[in-house]
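*Asks:*
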Amino acid sequence: MKTIDLRSDTVTLPTDSMRQAIYNAELGDDVFSEDPTTNRLEKMAAERMGKEAAIMVASGTMGNLVCLLTHCSRGDEVILGNQSHSFLYEAGGMSALGGIHPHTVVNQPDGTMRPEDIEAAIRSDNVHFPRSRLICLENTHNYCNGTPLTVEYTKKVAALARKRGLKVHLDGARIFNAAVALGVDVKELTGPVDSVSFCLSKGLAAPVGSVICGSREFIAEARRNRKILGGGMRQCGIIAAAGIAALEQMVERLTEDHANARRLAEGIACTQDLSLEPETVKTNIIYFEITSEKISAEMLVKKLAAKGIKILNLGPNRLRAVTHYGINSDDIDLTLKALKKITEEP
Ligand SMILES: Cc1ncc(COP(=O)(O)O)c(C=O)c1O
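Take the sequence shown: its letter number 35 is residue 41 in my numbering, and every next letter is one higher.
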C-alpha cells in the first residue's frame, strides 16, 4: 500500500536527477570557499533573489538564526508575527544563542502584521527599552494557511522599516510557492528586504539545505555566524548539487501542488463534520477543523493512518495537510474518499 504523506512538504524525497547530480558533484572544502558546486549554488541563488551574495546553511531554522544573529546584537529587539515560525517553532534560538528579544505583533489571518501595529511596536530611544533593530516577515506564511504576502505589502513594510532605521528579514522558506501563486518574479518579493532565507528541502524536494541571500557585506558576516554555530560544512557540494537541480527543475511544478491543495480543500469543504473555506487556500498548505463531537483530530489522524494516509494533528479539532512533489490528484481523491468514509461512520 502506498503511503500518502500529507504532514508536510519536508517529507519530499530527492528526484532521480538530484541523486545523479549528487553522485557527479565536483567537491572541495567549502570552509575554504573551495567547493565549486556550493559556490555555483550560492551564485545562482543570489541571482534568483536579486541579491549580491548568498550562503548555504543546513536548514531553514539555521538560516533564520544566522540572519537574526547577523542583523542584531545582544539586547536588540526583533518585531515578528505571533504566529511566525521563528517565534513558535525555532526553539527560541534567537534568545538562547543571540540574546535577542522577540517583540510579537498579531498576525492577521492572511499572515500580514498591520503596518500600524508594527509601527506601534517600534521602540523610542530610551534606556528602559531594548533597541528595535529588525522586522521579520514570513512568506508564504505557514501557520496562516500558507498565504503568500504580496509585493505591495512587502514594499510597504520595507518602506516603514527604512523610515524608522530598521532592517527587514524575510523567512522565505516557501518563497517560490509565493512567487508561483502570485505570478510574480521571486525578485519582486525579495527585492524590498535586506535578507532572505529560503529552503531547498521543502516544496523544491532537495534532501537538505537552505540558502541565505543579502548584500556582500551581510553575507560575509553571516559566514562568520554560521561558523560560530558549527555550520561550516566541508564538502557540502553533495548537498548543493541537489539544490541546483531543485532551483533548475522544481520551481514551476509548484503550481501542481497548489492545484492539488485546492482540490483537497474543495473536497474537505463538502465533507460532513469538516470545515474549511477553500478560498483561503492559495498555495500548498491547508488547515481544517472538525465541527462534530463525534470524532477528535487525534482519532481522525489514527483512522487515516490505518488507511496509509498521514496528516498532522494540531489538536483538539485542528488538522493540517500539505501537498508536495510525490502527491498527485489520485492521492487527493483517495484521501477525500477516506475522509468521507471515516466521517460518515456511525
Ligand atoms: C516558515 C518556515 N520557516 C522556517 C522553517 C524551518 O525549516 P527547517 O525545518 O529546515 O529548519 C519552516 C519549517 O517548516 C517553516 O515552515
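Virtual Cβ for every residue (Gly too), placed ideally from N, Cα, C.
Taking only heavy atoms of ligand 1 into account, decide whether any of them is closer than 7 angstroms to the Cβ of Cys78.
*Replies:* It does not: the Cβ of Cys78 is nowhere closer than 7 angstroms to a heavy atom of ligand 1.
*Asks:* Tell me whether the segment 205-215 and the segment 328-337 touch, counting them as touching only if at least three CB pairs, one residue from each stretch, are closer than 8 angstroms.
*Replies:* The segment 205-215, when compared against the segment 328-337, does touch it at the 8 angstroms Cβ threshold.
*Asks:* Short of 7 angstroms in beta carbon distance, which residues of its chain neighbour Lys309, apart from the five on each side in sequence? Order them along the chain.
*Replies:* So the list reads Ile348, once near-sequence residues are dropped.
*Asks:* Between Leu253 and the rest of its own chain, which residues show a CB-CB distance below 8 angstroms, the 5 nearest in sequence each way excluded?
*Replies:* Answer for Leu253: Leu47, Met50, Ala51, Arg54, Leu206 and Leu210, listed in chain order.
*Asks:* Measure the Cβ-Cβ separation of Gly236 and Met62 and say whether it is below 8 angstroms.
*Replies:* No, the pair does not count as a contact, with Cβ atoms beyond the cut-off.
*Asks:* Locate the beta strand (DSSP E) running through Gly87, then write down its first and last residues.
*Replies:* From DSSP, the beta strand (DSSP E) with Gly87 extends over Asp82 to Gly87.
*Asks:* Got a sec? Which residues, its chain only, sit under 8 angstroms from Arg222 by beta carbon, not counting five neighbours each side?
*Replies:* Result list for Arg222: Glu58 and Ala59, in chain order.
*Asks:* Closer than 7 angstroms: is that where the CB of Asn5 sits relative to any heavy atom of ligand 1?
*Replies:* Outside the displayed range of the chain (7 to 352) lies residue 5, so it cannot be described from this structure.
*Asks:* Along the beta strand (DSSP E) that carries Leu71, what are the first and last residues, could you check?
*Replies:* Where Leu71 is concerned, there is no enclosing beta strand (DSSP E), although the alpha helix (DSSP H) it sits in stretches over Gly66 to His77.
*Asks:* Just the C-alpha distance for Val354 and Ile218, rounded to the nearest angstrom, thanks.
*Replies:* Nothing in the structure corresponds to residue 354, since the chain is present only between 7 and 352.
*Asks:* Please determine, among Ser23, Val37 and Ile10, the residue with the shortest C-alpha to C-alpha distance to Ala226.
*Replies:* Nearest C-alpha to Ala226: Val37.
*Asks:* Please find out if some non-hydrogen atom of ligand 1 comes closer than 7 angstroms to the beta-carbon of Thr16.
*Replies:* It does: the Cβ of Thr16 is within 7 angstroms (strictly closer) of some heavy atom of ligand 1.
*Asks:* So, at 7 angstroms on beta carbons, what are the nonlocal neighbours of Pro322 in its own chain, with the 5 sequence-adjacent residues on each side left out?
*Replies:* Excluding residues within five positions, the ones whose Cβ falls inside 7 angstroms are Ser302 and Ala303.
*Asks:* Using 8 angstroms for Cβ pairs, my map puts Leu176 next to Thr196. What's the rounded Cβ distance?
*Replies:* That pair is a contact at about 6 angstroms.
*Asks:* Please indicate yes or no: does the CB of Asp36 lie closer than 7 angstroms to some heavy atom of ligand 1?
*Replies:* Asp36: no, Cβ never under 7 angstroms from ligand 1.
*Asks:* Ignoring anything shorter than 4 residues or poking outside the segment 222-303, list the alpha helix (DSSP H) runs there in chain order.
*Replies:* Qualifying alpha helix (DSSP H) stretches, in chain order: 222-234, 243-255 and 260-275.
*Asks:* Taking Lys346 as the reference, which of Phe294, Asp336 and Cys276 has the closest Cα?
*Replies:* If we check each option's Cα against that of Lys346, Cys276 comes out closest.
*Asks:* Could you say which of Asp82, Gly105 and Ser281 lies nearest to Asn132 if we only look at CA atoms?
*Replies:* Per the Cα distances, Asp82.
*Asks:* Return helix, strand or coil for Ser201, following the three-state DSSP convention.
*Replies:* Of the three classes helix, strand and coil, the one that applies to Ser201 here is strand, per DSSP.
*Asks:* Kindly give me the distance between the Cβ atoms of Asn70 and Glu40, rounded to whole angstroms, as I take these residues to be in contact under 8 angstroms.
*Replies:* At roughly 27 angstroms, the Cβ-Cβ gap does not stay under 8 angstroms, so Asn70 and Glu40 are not in contact.
*Asks:* Please report how far the alpha carbon of Arg240 lies from the alpha carbon of Asn148, in whole angstroms.
*Replies:* For Arg240 and Asn148, the distance between alpha carbons rounds to 31 angstroms.
*Asks:* In the DSSP assignment, the beta strand (DSSP E) including Arg326 goes from what residue to what residue?
*Replies:* Segment Arg324 to Val328, the beta strand (DSSP E) holding Arg326.
*Asks:* Look at Gly243 and Ala31 and say whether their C-beta atoms are less than 8 angstroms apart.
*Replies:* Cβ distance < 8 angstroms, so Gly243 and Ala31 count as in contact.
*Asks:* If you run the structure through DSSP and keep just helix, strand and coil, what is Asn113?
*Replies:* Of the three classes helix, strand and coil, the one that applies to Asn113 here is strand, per DSSP.
*Asks:* Using a Cβ-Cβ cutoff of less than 6 angstroms, which residues in the same chain neighbour Val287 once the five nearest sequence positions on both sides are dropped?
*Replies:* For Val287, where only same-chain residues beyond five positions count, the Cβ hits under 6 angstroms are Ala267, Arg268 and Ala271.
*Asks:* By DSSP's criteria, Val174 is part of a beta bridge. Which residues make up the other side?
*Replies:* Answer is Ile141.
*Asks:* Quick check: what's the CA-CA separation for Ala179 versus Gly117?
*Replies:* Spanning the two alpha carbons is a distance of roughly 14 angstroms.
*Asks:* Assuming Lys313 contacts Asp279 under a Cβ cut-off of 8 angstroms, what Cβ separation, rounded to an integer in Å, is found between them?
*Replies:* Not a contact, Cβ separation roughly 17 angstroms.
*Asks:* Just to confirm my understanding: we take Ser298, look at its own chain, exclude 5 residues before and 5 after, and list those with CB closer than 7 angstroms. What are they?
*Replies:* Hits under 7 angstroms: Asp279.
*Asks:* Using only the alpha-carbon positions, how far apart do Ser101 and Arg80 sit?
*Replies:* Going from the Cα of Ser101 to the Cα of Arg80 covers about 9 angstroms.
*Asks:* Below 7 angstroms, is the gap between the Cβ of Asp177 and the nearest heavy atom of ligand 1?
*Replies:* The answer is yes for Asp177.
*Asks:* Assuming Lys161 contacts Pro198 (C-beta within less than 8 angstroms), just tell me the rounded distance between them.
*Replies:* Right, their Cβ atoms sit about 5 angstroms apart.
*Asks:* Does the distance from the C-beta atom of Pro136 to that of Arg129 stay below 8 angstroms?
*Replies:* For Pro136 and Arg129, yes; Cβs fall inside 8 angstroms.
*Asks:* From Met24 to Leu33, what does the alpha carbon distance come to, in whole angstroms?
*Replies:* Roughly 15 angstroms between the two C-alpha positions.
*Asks:* For the alpha helix (DSSP H) containing Ser216, list its first residue and its last residue.
*Replies:* Premise fails: Ser216 lies in the beta strand (DSSP E), Ser216 to Gly220, not in any alpha helix (DSSP H).
*Asks:* If I follow the unbroken alpha helix (DSSP H) through Val192, where does it start and stop?
*Replies:* Val192 to Thr196 is the extent of the alpha helix (DSSP H) around Val192.
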